[in-house]
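In my numbering, the protein residues as written are 95 to 322. Below: the structure, in structure tokens.
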């Protein structure tokens, strides 16, 4: 029963400060829309795929060679991100981006038990992202044969100019802003109640002061009501 009374008090507090519960989330939503649409620069993502394998495989050692190639996928990932590859990519792109800038753009991954490397590039320009991705794949496929003595590296798919926008995401940001706004509003309401030391009703007189209520004096709003 006491838990029900406490819950009712909490609900009453929220009702009393209902304006805060509405205004704060709306303000957060408006700020999120302004930030996502007008202030944040869009980021686009595109990717290319590279297959690394042995051209000549003996049937007796096929399984061992495949397993060896799979174990080397992490090595190939590090080679792609190495200064040797990225410096060449930078020069081929007329030094528009430094090797460090290119490194910050790319993400290299591969699925388990797969000899395919996925090279993803993110940039503020769709065209730039595709150019960087394709150049990285091209330089890697050419240089890795010299570095690792591999004779079969092929580009499965080239990066296209119609990359997807990955950031910002206005709808996601809007949803998060509303949730954050509601949390902030509730925190603000309970903070106000916590520091508000005024006694507001008969129940608080009895609970806080421990005194019985003998009567209630009504508040008159103006002189006309006093005369009546």
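C-beta: ideal position from N, C-alpha, C; glycine also.
- For residue 138, the uninterrupted beta strand (DSSP E) run begins and ends at 137-147, by DSSP.
- Proximity to residue 222 across 179, 184 and 264 peaks at 184, based on C-alpha coordinates.
- Across the set 129, 108 and 100, the C-alpha of 129 shows the shortest separation from the C-alpha of residue 263.
- Counting along the chain, the unbroken alpha helix (DSSP H) around residue 271 starts and ends at 264-289.
- Taking 7 Å as the cut-off, the beta carbon of residue 122 is found closer than this to the beta carbon of residue 275.
- Under DSSP, residue 213 forms a beta bridge with 142 and 202.
- The C-alpha of residue 273 lies about 12 Å from the C-alpha of residue 126.
- The beta carbon of residue 214 is closer than 8 Å to those of 139, 140, 141, 200, 201, 202, 203 and 227 in its chain, skipping five residues each way along the sequence.
- Across the set 102, 132 and 143, the C-alpha of 143 shows the shortest separation from the C-alpha of residue 249.
- Around the beta carbon of residue 220, 16 or more other beta carbons lie within 10 angstroms, which makes this residue buried.
- The beta carbons of residue 211 and residue 170 sit about 6 Å from each other, so the pair counts as a contact at 8 Å.
- Where residue 126 is concerned, there is no enclosing beta strand (DSSP E), although the alpha helix (DSSP H) around it starts and stops at 112-128.
- Excluding sequence positions up to five before and after residue 279, its CB lies within less than 7 Å of the CB of 114, 115, 118 and 119, all in the same chain and listed in chain order.
- For residue 108, the secondary structure class from DSSP, reduced to helix, strand or coil, is helix.
- Put simply, of 205, 188, 206 and 180 the residue whose alpha carbon is nearest the alpha carbon of residue 197 is 180.
- Contact annotation: residue 186 and residue 229 have beta-carbon atoms nearer than 7 Å.
- Inclusion of residue 111 and residue 283 in the CB contact set at 7 Å is warranted, their separation being smaller than that value.
- For residue 206, the number of other beta carbons within 10 angstroms of its own is below 16, and it is reported as exposed.
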